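One structure below.
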Amino acid sequence: MNKVLVTGADGFIGSHLVEYLLGRGYSVRAMVLYNAFNSWGWLDALPPALRDAIEVVAGDVRDSRSVREALRGCDTVFHLAALIAIPYSYLAPASYIDTNVLGTLNVLEAARELGVRVVHTSTSEVYGSAQRVPIDEDHPLQAQSPYAASKIGADQLALSYYRSFDLPVAVIRPFNTYGPRQSARAFIPTVIGQIAAGAREVRLGAVSPTRDLNYVLDTVRGFEAVARCDAALGQVINIGSNFEISVGDTAQLIAEVMGVEIELVCDEARLRPAASEVERLWADNRRAHELTGWQPDYAGVDGLRRGLALTAAWFRDPANLARYKVDRYNL
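This is how it looks when you write it as structure tokens:
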């Protein structure tokens, strides 16, 4: 890979991926969502020297022409652009089809025309509540939200282009990623933000579901490993820690890391519809290791504690915390 495009580069994982790839010596073009404020999202938070090294293009994956122009001259595209908030998908499902499915179609068509390798981003949400654990890539898919349904559609579309047109496509399926710059709609920054703002009664939705939590540096290393692996083409590859922990236990671990005692309070506004809640996620990451050599550096409870400490330290910086509305529930 010489020159790469990252769609969704203005987001949480996308901005970390851009930062990581620059550090690895890649020439990076970053596609950000066009807006009237000329904001590059989280890329604006990078040090000036890094920002100067990025070729930023503003556009929209829903527009086929802007996608084609963004891909022109690139060897590989990391396709991360998506709507990802599960609660908002209950309110605006059509927008998830437009962005996640049709946007992916535009990326695949442009990549096919221009001869660009595609690393398509999936999500562990496509598995739904685990029917067996750990969850391997052959686990049945079950959409328990419009968001998950849109991602299943996008994943299958990407794989169809590999099978139908021999397009070099790999599907990377990260489990729950956390770290600095994550949206407050996710539960880890919600807990950290409330504690950092002085709250000791922490408001959450369901605390019994379990998740496989991955520090963002492990996730972005997985993206590079999959992109560089020819054996990954046509494959779905889990990126997870192979460690399961409940939402409630994670919140208490965050409190321990931050040196406080908290009480968890159920906020009904944060609860998913009962049949939509994914109760259990736990990744089988053997395929990632066997094909690419990737393995997590922040695995197990000790690794999670280290990752949470790094994340909490970032949020405790007043300049960073000020970017969040910690007193409000974010869809």
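Under the UniProt record's numbering, the sequence shown is numbered contiguously, ending at residue 331. Positions of the beta carbon are idealized from the N, C-alpha and C atoms, including for glycine. No experiment lies behind these values; they were computed from the predicted model shown.
Sub-9 Å separation of cysteine 26 and valine 220 beta-carbons
It is tyrosine, not cysteine, that sits at residue 26 in the sequence shown. Cβ atoms of tyrosine 26 and valine 220: not closer than 9 Å.
Return the first residue and the last residue of the alpha helix (DSSP H) that methionine 1 is part of.
First-last for methionine 1: undefined, no H or E at that position.
Among Ser15, Leu50, Ser124, Ala251, nearest to alanine 309 - alpha-carbon criterion:
Residue Ala251 is the option with its Cα nearest to alanine 309.
Expressed to the nearest angstrom, what Euclidean distance is found between the alpha-carbon atoms of residue 335 and valine 171?
Missing from the structure shown is residue 335; the chain here goes from 1 to 331 and no further.
Any contact of the region 265 to 285 with the region 235 to 246, i.e. 3+ C-beta pairs under 8 Å?
Flag = yes, the region 265 to 285 and the region 235 to 246 touch.
Near glycine 11, what residues of its chain come up, given a Cβ to Cβ distance below 7 Å and the 5 sequence neighbours on each side ignored?
The residues are Gly41, Trp42, Leu80.
Among His289, Glu201, His120, Val107, the one whose alpha carbon lies nearest that of alanine 70
Per the Cα distances, Val107.
Tell me whether the beta-carbon of leucine 102 lies closer than 9 Å to the beta-carbon of arginine 68.
No, they are not a contact pair.
When we look at the beta-carbon of lysine 151 and count the other beta-carbons within 10 Å, is it buried (16 or more) or exposed?
Lysine 151 is buried by the Cβ-count criterion.
Should glutamate 263 be labelled buried (16 or more other beta-carbon atoms within 10 Å of its own) or exposed?
Within 10 angstroms of the beta-carbon of glutamate 263 lie fewer than 16 other beta-carbons, which makes it exposed.
Cysteine 74 versus Leu213, Asn100, Thr7, residue with shortest Cα-Cα distance:
When each option's Cα is compared against that of cysteine 74, the closest is Thr7.
DSSP-derived helix/strand/coil call for arginine 112
When secondary structure is reduced to three states using DSSP, arginine 112 falls in the helix class.
If I follow the unbroken beta strand (DSSP E) through alanine 58, where does it start and stop?
Run containing alanine 58: 55 to 59, per the beta strand (DSSP E) assignment.
Quick check on DSSP: helix, strand or coil for tyrosine 34?
Note: tyrosine 34 maps to coil in three-state DSSP.
Can you give, in chain order, each stretch of the beta strand (DSSP E) that sits fully within the region 193 to 278 and has at least 3 residues?
If only uninterrupted beta strand (DSSP E) runs of at least 3 residues are considered, those enclosed by the region 193 to 278 are 201 to 204, 236 to 239, 263 to 266.
Give the DSSP bridge partners of tyrosine 178, in chain order.
For tyrosine 178, DSSP records a beta bridge to Tyr215.
One question on the structure: do leucine 157 and glutamine 235 come within less than 9 Å of each other, judged by their Cβ atoms?
The answer is no: Cβ separation not under 9 Å.
Measure from the alpha carbon of proline 296 to the alpha carbon of each residue in Leu253, Trp314, Tyr215, then state which is nearest.
Scanning Leu253, Trp314, Tyr215 for the CA closest to the CA of proline 296 turns up Tyr215.
Cβ neighbour criterion (16 or more within 10 Å) applied to residue 333
Lying outside 1 to 331, the shown extent of the chain, residue 333 is not represented and no answer is given.
Shortest alpha-carbon distance to asparagine 2 belongs to which of Ser15, His16, Pro273, Arg24?
Of the candidates Ser15, His16, Pro273, Arg24, Arg24 places its Cα closest to the Cα of asparagine 2.
Threonine 99 and proline 174: beta carbons closer than 9 Å?
Contact flag unset, no.
Tell me, which residues are paired with threonine 121 by DSSP?
The partner list for threonine 121 (beta bridge, DSSP) reads Ile172.
In terms of DSSP beta bridges, what is alanine 283 paired with?
Paired residues: Ile135.
Own chain residues within Cβ distance below 7 Å of valine 278, not counting five before or after:
Taken in chain order, the residues that qualify are Glu125, Gly128, Ser129, Gln144, Pro209.
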